[in-house]
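Numbering (my numbering), first residue to last: 22 to 146. These notes are about the structure you will find just below.
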Amino acid sequence: MNVSNRTSGEAGRVIVTGTGGLGFETGLALAKLGWKVIIAGRHAGKGTAAVKEIKSQVPEASLVFEQVDLADLASIAAFGRRLNAVYDRVDMLINNAGVMTPPRRRVTVDGFELQFGVNYLGHLP
Numbered sequence: 022m023n024v025s026n027r028t029s030g031e032a033g034r035v036i037v038t039g040t041g042g043l044g045f046e047t048g049l050a051l052a053k054l055g056w057k058v059i060i061a062g063r064h065a066g067k068g069t070a071a072v073k074e075i076k077s078q079v080p081e082a083s084l085v086f087e088q089v090d091l092a093d094l095a096s097i098a099a100f101g102r103r104l105n106a107v108y109d110r111v112d113m114l115i116n117n118a119g120v121m122t123p124p125r126r127r128v129t130v131d132g133f134e135l136q137f138g139v140n141y142l143g144h145l146p
């Protein structure tokens, strides 16, 4: 998908999971290209800071933070319901947030092994 070549003239809407690192940089790059960006993450403070920083660099950005915990299926369902109530469509989903090899066994709220729960189940449509 060529994200910089939108022929309709209408800005697309994208969800980017993750408030720092690649999630932040992806949200920033897409905001610069005129996308309507939804930064999704677990921590409201980090999400608010990411939005503030991106808007300082791209003042005209259409950008919001939405809280979601990918280790909690109820949180994911609530996130989906909130988005459905506000937006008529989402054009792209960038599943960036994830867990990599926790040092000890941890499980999600729903009892799944953490890496499997977040990286796979947390990103199912």
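Glycine included, C-beta positions come from ideal geometry on N, C-alpha and C.
CB of T40 within 7 Å of CB of I115, strictly: On the sequence shown, residue 40 is found 19 positions in, with the first residue counted as 1. On the sequence shown, residue 115 is found 94 positions in, with the first residue counted as 1. Cβ distance not < 7 Å, so T40 and I115 don't count as in contact.
Segment contact, 8 Å Cβ cut-off, at least three pairs: the stretch 88-108 with the stretch 135-144: Contact holds between the stretch 88-108 and the stretch 135-144, because three or more Cβ pairs, one in each stretch, are under 8 Å apart.
For E74, three-class secondary structure by DSSP: Locating residue 74 in the sequence shown gives position 53, counting from the first residue. E74: helix per DSSP, three-state reduction.
Every unbroken alpha helix (DSSP H) within the stretch 34-96, with a cutoff of 4 residues, ordered by chain: Listed in chain order, the complete alpha helix (DSSP H) runs (minimum 4 residues) inside the stretch 34-96 are 42-53 and 65-78.
CA-to-CA distance, Q78 to A99, given in whole angstroms: Counting from one through the sequence shown, the residue named residue 99 turns up at place 78. Counting from one through the sequence shown, the residue named residue 78 turns up at place 57. Going by the C-alpha atoms only, they are around 30 Å apart.
Neighbour-count burial assignment, A52, 16 or more Cβ in a 10 Å radius: Numbered from 1 along the sequence shown, position 31 holds the residue referred to as residue 52. In the assembly as shown, A52 is a buried residue. Its beta-carbon has 16 or more other beta-carbons within 10 Å.
V130 versus I97, A70 and D109, residue with shortest Cα-Cα distance: By one-based count along the sequence shown, residue 130 stands at place 109. Distance check between V130 and each of I97, A70 and D109 places I97 closest, using alpha-carbon atoms only.
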